[in-house]
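Quick notes on the structure that follows.
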Amino acid sequence: MRKVIMVALVATAAMWTVPVAAQSAIEPRVDKLEREMRAVQRKVFPGGAGQTLEPQITAPPVETAVPGVPAGGALTDLTARVSALEASVRSVTGQVEQANFRVRQLEEAFNAYKAATDTRLKALEGAGVAVASTPDALPGQVAASGDTAPPPRAPTVRPTRSAPSEIDADLPRAGTSGARATEVAAVARPDTGDPAEDGYTYGYRLWEAKLYPEAQAALKSVAERYPKHRRASYAQNLLGRAYLDEGKPSLASLAFYDSYKKFPDGARAPDSLYYLAQSLVRLKKPAADVCKVYGELTEVYGDKLTATMKVDVEKGRAAQKCG
């Protein structure tokens, strides 16, 4: 019987160590145990009070919180944390919606820009085809930095001939200026049966008459159509001179450089290097670049230079303070 009492007491003591969260479920069991304990005591000690036995082994006293207080504090903390999480979720959701809206705006703006750009490019391509197909375009000419393309010229009046030459096909068409057409028509055209020779001579005469755009077209045609002809070097060099005299040193420097590279053994290769240096001076390039050209000229063609050119080269080197 004593063992039964001890078991009941231990069970009662263990009851108080149950977590507060499960207290509501344990209370009916505790009440049942207490009723059973009182029934056992009445059975063992019929005399009543004062004869109950105290347990010899007791559990150490533990501090227990008032029922409901920890549960209430934990619930409050949990509620606050859940509220904070809900607020964070709402904030993140709002930011995501704003980001999606901005992305849509960017996509719409990009699509509009792309459509506008495509339209402009197609318009420019159409305009380029139209310009290339008109007879006013200068064939084979590319505008360089600092240079401007010559204005359209009036149709050139030519003497009646049985068949137009290849050089005529490359000449630029003149604009509506009657005076210009008269000037071009006044330049005599040779007809020796050698198209390269005739083309160079005609280009030279146009250059002498200061009809630079027409001279450039004729000379470029000779250099490109007849690169093996002895006049190719002459034509390429004079093409650079025409650009330089027209005030286009950028195009002139390219023409002179091509003359030296394409026709290094040509009769006008030394002249092209000399005038290349002059073009660089007009372009205000560094003196070191000009001196390199003079050095190349004297090193490659020193024994082929005329006395006049040697004097001009020395003057140019002195002006640039070449060592």
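Read left to right, the sequence shown gives residues -22 to -1, 1 to 301 (mature numbering (1 follows the signal peptide of the UniProt record, and there is no 0)).
All C-beta atoms in this analysis are idealised placements derived from N, C-alpha and C, irrespective of residue type, glycine included.
1. Please classify Glu192 as buried or exposed, where buried requires at least 16 other C-beta atoms within 10 Å of its C-beta.
2. With 16 as the cutoff for other CB atoms within 10 Å, does Pro6 come out buried or exposed?
3. Among the candidates Glu75, Ala201, Pro227 and Phe241, whose CA atom is the shortest distance from the CA of Asp176?
4. Restricting to Cα atoms, I'd like to know which of Arg203, Asn89, Ala247 and Tyr253 is closest to Pro227.
5. Could you tell me the alpha carbon to alpha carbon distance between Val81 and Glu64, rounded to whole angstroms?
6. Are the Cβ atoms of Tyr272 and Val291 separated by less than 8 Å?
7. Where does the unbroken alpha helix (DSSP H) through Pro248 begin, and where does it stop?
8. Can the beta-carbon of residue 309 be found less than 8 Å from the beta-carbon of Pro248?
9. Could you tell me if Arg68 is buried or exposed, where buried requires 16 or more neighbouring beta carbons within 10 angstroms of its beta carbon?
10. Specify the secondary structure class of Val165 as computed by DSSP and reduced to three states.
11. Work out the CA separation of Arg20 and Val8 for me, nearest whole Å.
12. Would you check if the distance between the CB atom of Ala265 and the CB atom of Phe241 is smaller than 8 Å?
13. Can you round the beta-carbon distance between Ala245 and Tyr212 to whole angstroms, since I take them to be within the 8 Å contact cut?
14. I need the boundaries of the alpha helix (DSSP H) containing Glu224, first residue and last residue.
15. Where Tyr180 and Ala297 are concerned, what is the direct C-alpha to C-alpha distance, given to the nearest angstrom?
16. Specify, as a first and last residue, the run of the alpha helix (DSSP H) that Cys269 falls within.
17. Rounded to whole angstroms, what is the Cα-Cα separation between Ala90 and Gln73?
18. Would Asn215 and Ser237 be called neighbours here (beta carbons separated by less than 8 Å)?
19. Mind checking Leu195: buried by the 16 CB within 10 Å criterion, or exposed?
20. Looking at the secondary structure, which residues open and close the alpha helix (DSSP H) in which Gln194 lies?
21. Does the beta-carbon distance from Leu251 to Glu277 come in below 8 Å?
22. Please name the residue in Phe88, Gly294, Asp96 and Asp281 whose C-alpha comes closest to that of Lys270.
23. Does the beta-carbon of Ala220 have 16 or more other beta-carbons within 10 angstroms, so that it is buried, or is it exposed?
24. Report the residue from Tyr178, Arg203 and Glu186 whose alpha carbon sits nearest the alpha carbon of Leu197.
25. Note down, in chain order, each residue of its chain lying with its Cβ closer than 7 Å to the Cβ of Leu233, except the 5 sequence neighbours on either side.
26. Would Asp223 and Tyr182 be called neighbours here (beta carbons separated by less than 8 Å)?
27. Since Leu184 is in the alpha helix (DSSP H), which residue starts that stretch and which ends it?
28. Go ahead and label Val289 buried or exposed: buried means 16 or more other beta carbons lie within 10 angstroms of its beta carbon, across all protein chains shown.
29. If you draw a straight line from the C-alpha of Gly301 to the C-alpha of Thr286, how long is it?
30. Tell me the residue span of the alpha helix (DSSP H) that contains residue 351.
31. To the nearest angstrom, report how far apart Asn78 and Glu85 are at their CA atoms.
32. In the DSSP assignment, find the alpha helix (DSSP H) that holds Lys288 and state where it starts and stops.
With the structure as the only source:
1. Buried, by the Cβ-count rule.
2. Exposed, by the Cβ-count rule.
3. Closest by alpha carbon: Ala201.
4. Closest by alpha carbon: Tyr253.
5. Cα to Cα, the separation comes out at about 26 Å.
6. Going by C-beta atoms, Tyr272 is nearer than 8 Å to Val291.
7. DSSP places Pro248 in the uninterrupted alpha helix (DSSP H) bounded by Ala247 to Arg260.
8. As shown, the chain starts at -22 and ends at 301. That puts residue 309 outside it, with no answer to give.
9. Arg68 is exposed by the Cβ-count criterion.
10. Under the three-state reduction of DSSP output, Val165 falls in the coil class, being neither helix nor strand.
11. Their backbone Cα atoms lie some 18 Å apart in a straight line.
12. Contact: no.
13. Correct: roughly 7 Å between the Cβ atoms.
14. Segment: none, Glu224 is in no alpha helix (DSSP H) and carries neither H nor E.
15. Separation of Tyr180 and Ala297 (C-alpha to C-alpha, rounded to the nearest whole angstrom) is 35 Å.
16. Cys269 -> alpha helix (DSSP H) spans Ala265 to Tyr279.
17. The straight-line gap from Cα to Cα measures roughly 26 Å.
18. Contact: yes.
19. Leu is not the amino acid found at residue 195; the sequence shown has Ala there. So Ala195 ends up on the buried side.
20. Here the alpha helix (DSSP H) through Gln194 covers Tyr190 to Arg203.
21. Between Leu251 and Glu277, the CB-CB gap reaches or exceeds 8 Å.
22. Considering only alpha carbons, the answer is Gly294.
23. With 16 or more other Cβ atoms from the protein chains shown falling within 10 Å of its own Cβ, Ala220 counts as buried.
24. Closest by alpha carbon: Tyr178.
25. A small fix is needed here, since residue 233 is Ala in this sequence, not Leu. The answer, listed in chain order, is Gln214, Leu217, Gly218 and Tyr221.
26. The Cβ atoms of Asp223 and Tyr182 lie no closer than 8 Å to each other.
27. Where Leu184 is concerned, the enclosing alpha helix (DSSP H) stretches over Pro173 to Glu186.
28. Classification of Val289: exposed, given that the 10 Å Cβ count is below 16.
29. Rounded to whole angstroms, Gly301 to Thr286 spans 21 Å at the Cα level.
30. Residue 351 lies beyond the stretch modelled for the chain, which goes from -22 to 301, so this question has no answer here.
31. Cα-Cα distance, rounded: 11 Å.
32. Here the alpha helix (DSSP H) through Lys288 covers Ala285 to Ala297.
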